[in-house]
Amino acid sequence: MRLSRPARVVLAVLTGIILAVIYLPLIVVLINSFSTSTNLTWPPPGLTLEWWVKAFRNEGALDAIATSVQIAIVATLVSLVLGTLISLALQRFTFFGRDAVSLLVILPIALPGIITGIALNNAFRTIMGIQLSIATVIIAHATFCIVTVFNNVIARLRRVGTNLEEASADLGAGLWTTFRLVTFPQLRSALFAGGLLAFALSFDEIIVTTFTAGSSVKTLPIWILDNLFRPNQAPIVNVIAVVLVLVSIVPIYVAQRLAGAEKVTP
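So for the sequence shown, UniProt numbering puts the first residue at 1; every next one is plus one.
Okay, here's the thing in structure tokens:
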């Protein structure tokens, strides 16, 4: 399909506008992290590295980063196990209600975060009588991180088919041996990509976290929200925001590269 020159120009202009709307605010945040001003002013009166030094010495920010990393790692591990098991069950077996289960697995990622947060808050506090803590945050994050792993793994299972697994069974291998030597090696890159996306999704999540963390848990996004409008904290918040963007970009970029490599590999 070939586009006319005017059509290409229009598409290029629209693409440029959309990218500018998305990324110019991020560039402003990056520049403001070096600003000599203590307020969110533009343009910055000068540039300095002072806020970067203070940010990496800020105990509250460092504790929030450690908490976010801890939650993201555990939620990702839980999602990898459960997402893989659900994918295998839905793709390799036929049973009553399979389509309904598939819909229920994917639904949490489509629901508004505030709805998920309210529902989980009520479930933890009213129905289960559980005090909000880091454990409830991990459970909450796992509910939607499972979807990223599930989508990656089930897509790979559909592509690879069952020929190698059936051949392994014909040669006398058991279920666990077949999974360990045949199925798992075919899923490794999909699991890695899904795990990276789940980690990024958990690391910068704020809406569901706000409803399930309670007052004792401070993740990095919550710390940013709490300190954004405090006196003399705006430049430090900008620095942390830049770090958060960089941390989020890395797993998404790696996952995208893995997906691209899989597409070109015969």
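Every residue, glycine too, gets a C-beta built ideally from N, C-alpha and C. All values derive from a computational prediction rather than experimental measurement.
Quick one: give me the first and last residue of the alpha helix (DSSP H) that P45 is part of. Here P45 belongs to no alpha helix (DSSP H), and DSSP marks it neither H nor E.
Rounded separation between T265 and F229 - CA only: Confidence at T265 is low in this model, with a pLDDT of 45, below 50, so the placement of that residue should be treated as unreliable; the coordinate-derived value is given next. A direct Cα-to-Cα measurement between T265 and F229 gives close to 49 angstroms.
Return the Cβ separation of S102 and L90 in integer angstroms, given the expectation that the two are a contact with Cβ distance under 8 angstroms. Between the beta-carbon of S102 and that of L90 there is about 5 angstroms, and that keeps the pair under the 8 angstroms contact cut.
Residue from T67, T178 and V237 whose Cα sits closest to the Cα of L26: When only C-alpha atoms are compared, the closest one is V237.
How would you call S4, buried or exposed, if buried means at least 16 neighbouring beta carbons within 10 angstroms? Exposed, because fewer than 16 other Cβ atoms sit within 10 Å of the Cβ of S4.
Compare the Cα-Cα distances from L197 to each of R180, S168, G129 and V153 and report the closest residue. Among R180, S168, G129 and V153, the Cα nearest to that of L197 is on V153.
Buried or exposed: where does S33 fall if 16 or more other Cβ atoms within 10 Å of its Cβ makes it buried? With 16 or more other Cβ atoms within 10 Å, it is buried.
In three-state terms, what does DSSP make of S189? S189 falls in the helix class under three-state DSSP.
Which whole-angstrom value describes the C-beta separation of I240 and I224, a residue pair presumed to lie in contact below a C-beta threshold of 8 angstroms? That belief holds up - the Cβ atoms of I240 and I224 are roughly 6 angstroms apart, short of 8 angstroms.
Which word fits N58, buried or exposed, when buried means at least 16 other C-beta atoms lie within 10 angstroms of its C-beta? Classification of N58: buried, given that the 10 Å Cβ count is 16 or more.
Answer yes if the stretch 206-222 comes into contact with the stretch 61-73, meaning at least three C-beta pairs across the two stretches below 8 angstroms, and no otherwise. Taking a cut-off of 8 angstroms for Cβ pairs, the stretch 61-73 and the stretch 206-222 touch, as three or more such pairs fall below it.
Considering V9, what are the terminal residues of the alpha helix (DSSP H) in which it resides? Following the DSSP letters along the chain, one finds V9 inside the alpha helix (DSSP H) bounded by residues R5 to N32.
Can you tell me which residues form a DSSP beta bridge with S35? Beta-bridge analysis with DSSP links S35 to L47.
DSSP state of I206 mapped onto helix, strand, coil: Coil at I206, not helix or strand.
Length of the line joining the Cα atoms of C145 and W52: Looking at the two C-alpha atoms, the distance is approximately 31 angstroms.
Using beta-carbon positions only, say whether G83 and V182 come within less than 9 angstroms of one another. In this structure, V182 does not lie closer than 9 angstroms to G83 by Cβ.
Taking its Cβ as the centre, do 16 or more other Cβ atoms sit within 10 Å of residue 267, making it buried, or is it exposed? Lying outside 1 to 266, the shown extent of the chain, residue 267 is not represented and no answer is given.
Under 7 angstroms Cβ to Cβ from A12, same chain only, skipping five residues before and after it: list those, please. Once the five neighbours on either side are set aside, A12 has no close Cβ partner at all.
Considering only residues of the stretch 211-247, which uninterrupted alpha helix (DSSP H) runs meet the minimum length of 4 residues and lie entirely inside it, listed in chain order? Those alpha helix (DSSP H) runs which fall completely within the stretch 211-247 and span 4+ residues are 220-227.
Can you check which of these residues, A110, P45 and S216, is closest to T143 by C-alpha distance? Closest option to T143, Cα to Cα, is A110.
Closer than 8 angstroms is the cut-off here; do at least three beta carbon pairs connect the stretch 151-167 with the stretch 177-192? Yes, since at least three Cβ pairs between the stretch 151-167 and the stretch 177-192 fall closer than 8 angstroms, the two stretches touch.
If I follow the unbroken alpha helix (DSSP H) through N152, where does it start and stop? Its alpha helix (DSSP H) spans residues I134 to V160.
State the start and end residues of the unbroken alpha helix (DSSP H) segment that holds Q70. Its alpha helix (DSSP H) spans residues E59 to R92.
In whole angstroms, what is the alpha-carbon distance linking A167 and R156? Distance between the alpha carbons of A167 and R156 is about 18 angstroms.
Just the C-alpha distance for G117 and E205, rounded to the nearest angstrom, thanks. Roughly 11 angstroms between the two C-alpha positions.
Does the CB of L80 have a neighbour CB from chain D at under 9 angstroms? Among the protein chains of the structure shown there is no chain D, as only one such chain exists.
For V81, is the classification buried or exposed, using 16 other Cβ atoms within 10 angstroms of its Cβ as the cut-off for buried? Taking all protein chains shown into account, V81 has fewer than 16 neighbouring C-beta atoms within 10 Å of its C-beta and is therefore exposed.
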